[in-house]
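Have a look at the structure below, then the notes.
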Amino acid sequence: MFTPRDNDRHSGLYFTQANIQRAGQYAKKSPFKAAWSKLHETTPEQPLLAVQVEALRFQFDGDSRTGERAAQLLVQMGDLDEDAPYWESLGETLALAQCYQMLREHPSFEPGQQVHWRDVFWERVSRLNQPTFELSEPEALWRAALNMAAGIVLKREPVFEAGAQVYRQTIDHSVRPEGYIPRAVQVAEGQGLAHQLLSVAALVLMAEMAQHVGVDLWRYSNRGVSVLTAATYPLYYYFYPEKWPWGTEVEIREVRTALQQDYATGLFRQHGGFLEMLNGRYEKPLRAIRLILRDIRPVVDVYGGGLTTLTHGIPERQGLFG
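One point on numbering: in this note's numbering, the residue at position 70 of the sequence shown is 93, and numbering is uninterrupted.
Next comes the structure, spelled out in structure tokens:
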């Protein structure tokens, strides 16, 4: 099952050498031009983002020095922060898996260091699989995504399959034909749109990482429902969040008030990394996705794949002759 489709070279959980070549080929065209600038101009202070940016520079620039720095930073990443929100711990650990996968072939990342890192990583994953509370829909799906990533990184097929099974069950039973996920949208405090968006992001991340180890979840469907069904649902509310139909009257009014504070734009900008992965997966490109991406690019979603405009962007046609 774990057979990379990229000449056996590890390029990360979500992209291959083909993505790197495309980003280089179209470096002067939109959306890649802005994404390359973002990669080279970013000087992150937050440790996780620093590892991710340096690892991406290693992969896309072929810069061994940045890869060495990233590997050193990755090894220094500490244990779980017990005070951090559970979802953030899931997202951070998933991002660490992505970084490791980008760096595991760097010559300075010694085998002994990698064994130690994988042991620490598995300890984190094991602890996150033992929550003492009921999980929300986004938390359950991000935990499943983390398990899939852990299965890939550690070459443990049962762990991968446990996450993939949650994906299939979600498509089978949770996603409605209209696209919404009841356990995501029917939450208090006006958080339904955020929960739907985060749930969709997890599903897209799972489909994308599975694709690169030979498991096609993108085309998995039941009752005419697939990940595209769920992913399409929240797009409309980027433009019209005041029409979000879920919640009490008070909660809906709160969403309408938040609209004045760029409510939807903020959500998609922070958690919209999946949109670049999603773009191009439809038989006919969706204008809504193109318009949203035009607003929020270059997309940087630390937990959701990183600088996905660089890794998954599609060259924009310009004029009659592209």
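A virtual CB, placed ideally from N, CA and C, is assigned to each residue, including glycine.
**Request:** Closer than 6 Å by C-beta to Val189: which residues in its own chain qualify, once you throw out the five before and the five after it? Chain order, please.
**Result:** Ala167
**Message:** Please state the DSSP three-state secondary structure of Pro27.
**Reply:** Bear in mind that the predicted position of Pro27 carries a pLDDT of just 46, short of 50, making it unreliable; the figure below should be weighed with that in mind. Residue state, collapsed to three classes: coil.
**Request:** Could you round the C-beta distance between Leu103 and Arg147 to whole angstroms and report it? I think they count as a contact, below 8 Å.
**Result:** 6 Å
**Message:** Threshold first: 4 residues or longer. Then list the alpha helix (DSSP H) segments lying entirely within the region 52-136, N to C.
**Reply:** 55-64, 70-84, 87-99 and 109-126
**Prompt:** With DSSP run on the structure shown, which of helix, strand or coil describes Gly329?
**Reply:** strand
**Message:** From the DSSP secondary-structure annotation, give me the bridge partner or partners of Asp356.
**Reply:** Any property of residue 356 remains undetermined from this structure, which presents the chain solely from 24 to 345.
**Request:** Provide the residue(s) that pair with Val182 in DSSP beta bridges, ordered along the chain.
**Result:** In DSSP, Val182 forms no bridge with anything.
**Request:** Evaluate Glu231 with the Cβ neighbour count: other Cβ atoms within 10 Å of its Cβ, from every protein chain shown; 16 or more gives buried, anything less gives exposed.
**Result:** It counts as buried.
**Message:** Across the region 202-212 and the region 135-153, are there enough close Cβ pairs to call them in contact, namely three or more that are closer than 8 Å?
**Reply:** no
**Message:** Measuring alpha carbon to alpha carbon, tell me which residue in Ala311, Ile337, Ser34 and Gly329 is nearest His129.
**Reply:** The shortest C-alpha separation from His129 is found at Ser34.
**Asked** In the DSSP assignment, what are the bridge partners of Asn245?
**Response** In DSSP, Asn245 forms a bridge with Val248.
**Asked** Near Val227, which residues of its chain fall below 7 Å by C-beta distance, leaving aside the five closest residues on each side in sequence?
**Response** Within the same chain, Val227 has close Cβ partners Val250, Ala254, Phe297, Met300 and Leu301.
**Request:** Counting only the same chain and skipping the five closest in sequence on each side, list residues whose C-beta sits under 8 Å from that of Asp117.
**Result:** This sequence places Leu at residue 117; Asp is not what is there. Closer than 8 Å at Cβ, skipping near neighbours: Trp165, Ala168, Leu169, Ala172, Leu228 and Tyr326.
**Message:** Taking a contact to mean a Cβ-Cβ separation below 8 Å, would you say Ser222 touches Pro181 in this structure?
**Reply:** It is not a contact, given that the beta carbons lie outside the stated cut-off.
**Asked** Which value, in whole angstroms, describes the spacing of the CA atoms of Lys52 and Arg320?
**Response** Approximately 13 Å, taken between the alpha carbons.
**Request:** Whole angstroms is fine: what's the gap from Val236's alpha carbon to Phe83's?
**Result:** 21 Å
**Prompt:** Would you say Trp269 faces chain D, with C-beta separation under 8 Å as the test?
**Reply:** The chain labelled as chain D is not found in the depicted structure, where only one protein chain is given.
**Message:** Can you tell me whether Trp140 is helix, strand or coil according to DSSP?
**Reply:** helix
**Request:** Flag this pair as yes or no: are the beta carbons of Leu113 and Leu79 separated by less than 8 Å?
**Result:** no
**Request:** Using only alpha-carbon positions, find the residue among Gly328, Ala287 and Glu339 that is nearest to Gln352.
**Result:** With the chain running from 24 to 345 in the structure shown, residue 352 is simply not present.
**Request:** Check the C-beta distance from Thr334 over to Phe38 and give it rounded, since I have them as a contact under 8 Å.
**Result:** 4 Å
**Message:** Going by C-alpha to C-alpha distance, which of Ala163, Ala217 and Leu258 sits closest to Gln293?
**Reply:** Ranked by how close their Cα comes to the Cα of Gln293, the residues Ala163, Ala217 and Leu258 have Ala217 in first place.
**Message:** My output table needs one value for Ser149: the three-state DSSP class, helix, strand or coil.
**Reply:** helix
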